[in-house]
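Data block below; observations after.
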Amino acid sequence: MARVCVAVLASVVLFHEAAGFAPVMTGDAATSGISRRTLLGTGVAISSGLLSLPSQSPAAPAQLPDDAYTLLGGELPCCRILNGMWQLSGAHGFTPQLDPALGAMQNLASAGFTTFDLADHYGPAEFFVGEYRERNGDRAVANQQFFTKWVPRPTKMPRDLVDAAIGRSLDRMHTKRLDLLQFHWWDYDSPYYMDALHHMQDMVAEGSIRHLGLTNFDTQRLQLITDKGINVVSNQVQYSMLDTRPAARMQDLCTECGIQLLCYGTLLGGFLSDKWVGKPAPAKAQFETVSQQKYYNMIRAWGGWDLFQQLLSTCKKVADKHGVSVANVGVRWVLQQPAVGGAIVGARLGLTDHIADSARVFSFKLDADDEAAIAEVQAKSRNLMTVIGDCGDEYRA
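With the UniProt record's numbering, letter number 342 in the sequence shown gets 342, and the count goes up by one each step, no holes.
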């Protein structure tokens, strides 16, 4: 079977290819003869245990328990299930509409899911947040958090360029301060990312950014960044029962430095769910979103559909034991990994509603028997550190 590397968010992939960069393939993936477009699929994404979580969590809405929240940087509240807004970027089976989307955001926040993950390139996401703020008022959204990203081309980073980029996000989101600015850099051979980080750290001191985070940085560069005195509170990486690369090196450094992982890809674009238990491998025509193409490639890279069905069967038994869903088990597993602050679950705002199901993640914990059963299946899979490389390596030339 061909061994495949993965891709990331559709709009980012298009940007990435237009800029002339190609994801790196290592190990078997580099020699399999699979085309880069196949390896990429059609999309790319930028989504616990409990890292040294603070001794006291922030006050939680009544709908969710206190342990459904953490603090980034010791003071920024964050729901441990973040509402992912990537699907507003298009190619996810629906066209987002403003009013239904804002209503869905309000429903999520009212249920205790107060943290939204977005980016400058997630379609209208920043504009939707700005309109949401305008309609509700700053006071009404004071207990909600909006984490955005900046994904620039890898070029020189003078202060005025950084100011302009951050200023655009501030204007779109109708705010004077970004809660969390998560920074992504395409090419480590271009050293200017350190200049950008120093400028953004100055902006934290000046008040336009509350906290600074990273997106898809590997362990080596995260160590370098912390050694340079840059204070980052999070790194957003792919983490799931299949993609356990953060456990190899990243989570130890994060635990040591007090950095929390915000994890995407936890539910594999919906494949890690009851819907796919006992089902044959999907044909391409069955993919409902670009994410499903991406994560189907991830399943192939990890060990293939038959092994994935073994994992789904195991998760179903665990889910039935606890009276929850397979998706709940997938999210709960990630939340119980060291250094994990939260899992980003995609929200098709205004189209689907998974509030009740997501809330059940906080109604149980996996015990040692559950973890051992899952680990037994994982042990049969390929080592994605060998196939792909460290966290985020699939994004870089």
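Just so you know, even glycine gets a beta-carbon here, dropped at the ideal spot from N, CA and C. Please read these numbers as outputs of a predicted model, since none were measured by experiment.
Which listed residue (Val345, Gly90, Ile230) has its alpha carbon closest to that of Tyr122: Gly90
Environment of Asn383 [buried if 16+ CB atoms lie within 10 Å]: exposed
Outcome for Gly109 when other beta-carbon atoms lying within 10 angstroms are tallied against a minimum of 16: For clarity, residue 109 is Ala in the given sequence; the question names Gly instead. Under this definition Ala109 is a buried residue.
Where Arg139 falls, given that 16 or more other Cβ within 10 Å makes a residue buried: exposed
Supposed contact pair Tyr239 and Val334 - C-beta distance, whole angstroms, cut 8 Å: 6 Å
Three-state secondary structure assigned by DSSP to Gln378: helix
For Cys315, the residue or residues it bridges with in DSSP: Partner(s): none; Cys315 has no beta bridge.
The region 64–78 / the region 101–118 touching (three or more Cβ pairs under 8 Å): yes
CA-to-CA distance, Trp276 to Gly213, given in whole angstroms: 34 Å
Counted within 10 angstroms of its Cβ, other Cβ atoms place Asp179 as buried (16 or more) or exposed: buried
Sufficient close CB pairs (3 or more, under 8 Å) joining the region 352–360 to the region 308–320: no
7 Å CB neighbourhood of Arg249 in its chain, flanking five on each side removed: Thr219, Asp390
Cβ contact check for the region 166–186 and the region 199–215: 3 or more pairs under 8 Å: yes
Ile209 - partner residues in DSSP beta bridges: Leu178
Cα-Cα separation, Asp120 to Ile166: 9 Å
Residues sharing a beta bridge with Gly342, DSSP: Leu262
Neighbourhood of Ser273 by C-beta, 6 Å cutoff - its chain only, sequence neighbours within 5 removed: Val326, Ala327
Reference Leu307; option with closest CA among Pro154, Met157, Leu242: Leu242
CB of Ile259 within 8 Å of CB of Val233, strictly: yes
For Phe183, the residue or residues it bridges with in DSSP: Trp150, Leu214
Beta strand (DSSP E) runs wholly inside the region 78–121, at least 3 long, in chain order: 81–84, 115–117
Distance CB(Val387)-CB(Ala301) smaller than 8 Å: yes
Gln63, enclosing beta strand (DSSP E) - first and last residue: It is not in any beta strand (DSSP E) - Gln63 carries neither H nor E in the DSSP assignment.
Asn136 - containing alpha helix (DSSP H), residue span: 125–136
Status (buried if at least 16 other CB within 10 Å, exposed otherwise) for Gly74: exposed
Nearest candidate by alpha-carbon position, reference Leu262, set Asn216, Lys279, Phe287: Asn216
Extent of the continuous alpha helix (DSSP H) run through Gln238: Segment 232–238 is the beta strand (DSSP E) holding Gln238; no alpha helix (DSSP H) there.
CB-CB length for Leu349 against Pro96, believed under 8 Å: 6 Å
Short Cβ contact (8 Å threshold) for Gly270 with Lys294: no
Rounded separation between Tyr132 and Phe147 - CA only: 14 Å
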